[in-house]
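Notes to accompany the following structure.
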Amino acid sequence: LERLSVEGLRILQVQGRERLCPDEPACRGGECPAQRDFFTRLPAARAEALGTPHLTSARLAAIAARHGCCPHGLQTCLMPWMDVLVGDVNYVFAPGNRVDLVFLLNRPLLLADEAHNLPDRARAMFSATLATRLFEDLLAHLPGDAADLRRATRRLSRLLRKPLADDPTSAAQLAAPLEAFLGNAEQWQWQAAEHLLPLDDALAEHLQASIHAARQWQVLIPDVADDFTCLPLPAPTSGRMLVCLSPARLL
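With the numbering used here as the guide, the letters of the sequence shown map in order to residues 34 to 284.
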């Protein structure tokens with residue numbers, strides 16, 4: 034990669050947020066100072082980054098720190114400018130993680146290392162789990178001013194405890210409750226940030242875990258067909274799992 038960069042190719046090694054961000058828990062809680070005024074600081078940080086031919090995660094993090102901006106946000110904004118992206122296959126295939134902008138603006142060539150592992154990885158990418166425990170833990174930590182979010186969370190938790198048909202069509206029965214939960218969660222987060230209300234660590238952790246699980250399920254619903262199955266989680270856990278049996282048509 035260093036030799037390629039000497040030849041003038043711009044190379045970016047793509048990393049997940051948890052590996053790039055020095056204060057990742059604060060980031061997930063919406064309190065990270067590096068996210069404030071991010072787009073004001075972005076042009077100077079991007080200009081310096083584009084002058085660095087081989088952007089390892091350490092070099093990217095150092096540039097972001099010099100400009101006081103979010104390294105993960107900077108990485109995302111740099112992707113369309115790069116000639117070579119080096120990263121996990123989930124950035125190409127996984128719903129919710131894939132970088133669609135890169136593929137819309139360019140005609141990329143994909144080189145996959147150890148591609149024989151891709152079918153198993155893809156089955157996992159296109160599967161999701163909703164455990165009742167996630168939403169019950171969130172309910173236990175929600176404050177009194179989150180009445181709408183509490184109602185949406187309780188409704189989803191009750192539905193996950195009910196028996197559903199063990200076939201793909203039952204996945205869509207959760208679409209409306211998931212949309213209500215996510216809408217209320219995002220609205221409550223926005224209001225908390227607007228009024229500068231700090232979230233305690235336990236609440237932020239449970240909220241982000243619940244939102245992540247709900248989004249994973251929600252983004253899969255349009256793709257569900259006969260090559261999926263929807264099953265209850267094995268006892269003693271309650272909830273549902275959406276399992277992709279064959280990911281071929283989705284890749």
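Where is the CB? At the ideal position from N, CA and C, for every residue including glycine.
Using alpha carbons as the reference points, say which of the options lies closest to residue i.
i, options, result
"Leu-88", "Leu-53, Pro-66, Ala-246 and Gln-249", "Leu-53"
"Gly-120", "Ala-97, Gly-106, Ala-145 and Pro-104", "Ala-145"
"Arg-74", "Leu-107, Ser-90, Asn-217 and Pro-267", "Leu-107"
"Ala-78", "Thr-165, Thr-109 and Arg-194", "Thr-109"
"Met-112", "Arg-156, Lys-195 and Leu-83", "Leu-83"
"Phe-72", "Leu-93, Gly-101, Ala-94 and Ala-95", "Gly-101"
"Ala-225", "Leu-240, Glu-212 and Ala-213", "Leu-240"
"Asp-181", "Ala-218, Asp-70 and Lys-195", "Ala-218"
"Ala-204", "Ala-268, Ala-247 and Trp-114", "Ala-247"
"Met-115", "Cys-65, Ala-157 and Pro-141", "Pro-141"
"Ala-268", "Arg-194, Thr-262 and Ile-244", "Arg-194"
"Asn-130", "Ala-67, His-245 and Ile-254", "His-245"
"Ala-80", "Ile-96, Ala-67, Pro-66 and Arg-69", "Ile-96"
Please go through the same chain and pick out, in chain order, the residues whose beta-carbon is closer than 8 Å to the beta-carbon of residue i, but skip the five residues on each side of it.
i, result
"Glu-169", "Ser-190"
"Pro-210", "Ala-185, Arg-188, Leu-189 and Leu-192"
"Arg-183", "Leu-172 and Leu-175"
"Glu-212", "Gln-251"
Write down the C-beta distance between residue i and residue j rounded to the nearest angstrom, noting that I regard them as a contact closer than 8 Å.
i, j, result
"Ala-281", "Leu-167", "About 30 Å separates the two Cβ atoms, so there is no contact after all."
"Tyr-124", "Val-132", "5 Å"
"Val-252", "Pro-128", "4 Å"
Starting from the C-beta of residue i, find all residues in its chain whose C-beta is less than 6 Å away, skip the five residues before and the five after it, and write them out in chain order.
i, result
"Ala-235", "His-174"
"Asp-260", "Leu-278 and Ser-279"
"Leu-207", "none"
"His-149", "none"
"Phe-159", "Cys-277, Pro-280 and Leu-283"
"Trp-221", "Ala-179 and Leu-182"
"Leu-143", "none"
Inspect the beta-carbon positions of residue i and residue j and report whether they are closer than 8 Å.
i, j, result
"Ala-161", "Trp-250", "yes"
"Leu-172", "Arg-273", "no"
"Leu-93", "Pro-76", "no"
"Pro-176", "Ala-258", "no"
Between residue i and the rest of its own chain, which residues show a CB-CB distance below 7 Å, the 5 nearest in sequence each way excluded?
i, result
"Ser-90", "Gln-46, Gln-48, Arg-52 and Leu-53"
"Ala-164", "Leu-266, Thr-270 and Gly-272"
"Leu-284", "Phe-126 and Ala-155"
"Val-122", "Ala-145, Leu-151 and Arg-154"
"Phe-214", "Ala-185, Thr-186, Leu-189 and Ala-247"
"Ile-254", "Ala-204, Ala-205 and Ala-208"
"Arg-36", "none"
Query raised in the report: Residue ranges of each beta strand (DSSP E) run of no fewer than 3 residues wholly in the stretch 202-278, ordered along the chain?
Result: 261-265 and 272-277
Taking only runs of the alpha helix (DSSP H) that begin and end inside the stretch 51-139, which ones reach a length of at least 4 residues, in chain order? 57-61, 71-83, 90-100, 104-111, 123-126 and 133-138
- Query: Which ranges does the alpha helix (DSSP H) cover as unbroken runs of at least 4 residues, wholly within the stretch 151-195, from first to last along the chain?
  - Reply: 151-158, 165-174 and 180-194
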